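In this note's numbering, the protein residues as written are -14 to 132.
Where is the CB? At the ideal position from N, CA and C, for every residue including glycine.
Here the structure is a predicted model, which means the values were calculated and not measured.
Down below is the structure, laid out as structure tokens.
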Amino acid sequence: MASSSQTTAALAPSTTTAPATTPLLADILRDHQSSQAEHRRASEQLRKDAVRDIGDLCDSATASLSDQLARVLENQREIESLSRDCAHLVQNHTRSTVKWTKLVDQFSTALKELGDVSNWAHVIERDMLDVAATLELVHASLNPGPN
């Protein structure tokens, strides 16, 4: 029977080896948990850094876009102002053009009238020459004498 108790004792874990493996597993577990905690802390720090950097990038992009938008709006206001000024100048030019057109039409009409007056004067002159010639003929026929 001694052999059966010896085999049973050999199969059962010895009390001397159990305490030596248990601290080893506990150390491994503790190391693993501490490395996981360190990994979590590092990941959390990286996440915080990424969020901060993205926030900084968004702030920088927003500031840049705001500046550009302000310049665009200022340019738009200036263009609208220049457009209004140009529209006023075009209206004034249109009025001046209408006045000049009227003056040219009046001048043209006056020139035509002068042409008509000149023509009228020539007609009157020919008529007067005809009357003078007729009077000379009448006078010559009434006063026959040596010429």
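Annotated three-state conformation of PRO129 is coil, per DSSP.
Taking the CA atoms as reference points, ALA117 sits about 41 angstroms from VAL89. When the Cα atoms are used, ARG62 and ASP41 turn out to be separated by approximately 31 angstroms. Straight through space, the alpha carbons of ASN60 and ARG69 are spaced by roughly 14 angstroms.
ASP38 and GLU29 have their C-alpha atoms roughly 14 angstroms apart. Note on geometry: alpha-carbon atoms of ALA125 and ASP115 lie some 15 angstroms from one another. As for any beta strand (DSSP E) of minimum length 3 sitting wholly inside the segment 75 to 129, there is none. GLN18 and ASP34 have their C-alpha atoms spaced approximately 24 angstroms apart.
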